[in-house]
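Below you'll find the structure, written out as structure tokens, and then a few comments.
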Amino acid sequence: MACGSVDEEVWQEVKHTSKHPIFKKLCIASGDVNSLSKGEIKESLKRLGLPNRGDYHVIKQRLKNHKHRSIAAAESDCPPNAVHPTNPLNLDYLIVIDFEATCEKGCPVNWVYEIIEFPAILLNILTLKVEDTFHSYCKPVLEPKLTTFCKQLTNITQVSAVRFSAL
């Protein structure tokens, strides 16, 4: 099997019968993460250099994804410098941005969204480690008063929003 190619017979075995050896490793990893408390998951993500913000389901999935990628990489037949199927552009780094914006429950059609939080991380594709971070808040100008829904969703308070710099 060529590096990065998927053998259809192996895929069907994994997908339909779950007898492929890697499936057991993936299931064990998922079970291990499922048994952790939110605090334990956050600490694990921190040790791995991964973001540990978010609700329980988000951070749990983030840790599972990391463990699954690690298992897949360990089982891969690709040499270290080969173009890997999960990195077809052969990138070394990604900048991951997760904007937060003003919002209202139900996403009204006429709502004007304004960026209020601008976080970014520099992610090393090869190691899946966060190399650097950037974080900034932005003062909403068009609708400076945050909705209750927005404050609950983003954990940004009105007092904080007033102190932010405008873009």
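Each residue of the sequence shown is one higher than the one before, counting from 88 in the numbering used here.
Every residue gets a Cβ at the ideal spot worked out from N, C-alpha and C, and that includes glycine.
Discussion item. Tell me the rounded alpha-carbon separation between K129 and L123.
Written reply: 10 Å
Worksheet item: Alpha carbon to alpha carbon, what distance is there between E230 and P198?
Response: It should be pointed out that residue 198 corresponds to Trp in this sequence rather than to Pro. Between W198 and E230, the C-alpha separation is close to 10 Å.
Worksheet item: What number of angstroms, rounded off, separates the C-alpha of S247 from the C-alpha of D119?
Response: 38 Å
Discussion item. In this structure, how does DSSP classify I109 when only helix, strand and coil are distinguished?
Written reply: helix
Worksheet item: What's the gap between the Cα of E127 and the Cα of K151?
Response: 13 Å
Item to complete: Select from S131, K154, C190 and H222 the residue whose C-alpha is nearest the C-alpha of C114.
Response: K154
Discussion item. Can you check which of these residues, I158, L132 and F221, is closest to I182 by C-alpha distance?
Written reply: F221
Worksheet item: What separation, rounded to the nearest whole angstrom, lies between the Cα atoms of L210 and L135?
Response: 12 Å
Worksheet item: Do you know whose CA, among A188, S117 and A253, lies nearest N242's CA?
Response: A188
Worksheet item: The alpha helix (DSSP H) with V199 in it runs from where to where?
Response: Neither: V199 is in no alpha helix (DSSP H) and is coded neither H nor E.
Worksheet item: From this set, A160, I184 and Q148, which residue's C-alpha is nearest L215's C-alpha?
Response: A160
Discussion item. Let's test the definition: count the other Cβ atoms within 10 Å of the Cβ of S252 and tell me whether it reaches 16, buried, or not, exposed.
Written reply: exposed
Worksheet item: Between which two residues does the beta strand (DSSP E) containing L181 stretch?
Response: Y180 to I184
Discussion item. Let's test the definition: count the other Cβ atoms within 10 Å of the Cβ of R314 and tell me whether it reaches 16, buried, or not, exposed.
Written reply: Shown here, the chain extends from 88 to 254; a query on residue 314 therefore has no answer.
Worksheet item: For the candidate residues K192, F205, R140 and T234, whose alpha-carbon lies nearest to that of Y224?
Response: F205
Practice prompt. Tell me, to the nearest whole angstrom, how far the beta carbon of K226 is from that of Q245; I am working on the premise that it is less than 8 Å.
Written response: With 8 Å as the limit, K226 and Q245 do not qualify as a contact, their Cβ atoms being about 11 Å apart.
Practice prompt. Can you give me the Cβ contacts of E191 inside the same chain, cut-off strictly under 8 Å, excluding the 5 residues immediately before and after it?
Written response: W198, T234, F236 and C237
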